[in-house]
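Engineer:
In this note's numbering, the protein residues as written are 2 to 170.
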């Protein structure tokens, strides 16, 4: 999946674009709008926490750091077992997985409260009242979707493409 970013001047244009995306068989859960607080989006698909916060990148960093820490702690526990316990590969795996899970959980708690670093470049436009449209599409449909929007909505500004979007959020 890839995420396409567009800046749209108003809610009326956003409604029209979202309707065209739905007709092009883009699922509503793959369309996200971010607007200045207080902007009435009515029935438009508003960006959720996963799109507007630093949740996903923080979760990924936390899982990696926690997994590495767990692996090191597990290696120490296996090498120097406490109180004469015999620990093997299962303990190493268990401690590594615990570390990854704990790191992901703790960092996601922090990340959910931080604004997305990927969206910082759009802050000024959103503050002016523009809407940020994020569309998650399969790689082979990126050009098609960009062309549909460019053809029918010249007021929408293509702002770029994010190469890899996880499937789960």
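All residues carry an ideal CB built from backbone N, CA and C; glycine is no exception.
Within 10 angstroms of the Cβ of residue 131, are there 16 or more other Cβ atoms? Answer buried if so, exposed if not.
Structural biologist: buried
Engineer: Reducing DSSP to helix, strand and coil, say where residue 73 ends up.
Structural biologist: helix
Engineer: Compute the Euclidean distance between the alpha carbons of residue 95 and residue 67, then round it to the nearest angstrom.
Structural biologist: A direct Cα-to-Cα measurement between residue 95 and residue 67 gives close to 12 Å.
Engineer: Sort out for me which residues DSSP pairs residue 135 with in a bridge.
Structural biologist: Its beta-bridge partners are 6 and 33.
Engineer: Using alpha carbons as the reference points, say which of 2, 3, 9 and 4 lies closest to residue 151.
Structural biologist: Closest in alpha carbon position to residue 151, among 2, 3, 9 and 4, is 9.
Engineer: Going by DSSP, what residues sit across from residue 83 in a beta bridge?
Structural biologist: Answer is none; residue 83 lacks a bridge partner.
Engineer: For residue 107, I'd like the list of residues in its chain whose CB is within less than 7 Å of its CB, leaving aside the five on either flank, ordered along the chain.
Structural biologist: 63
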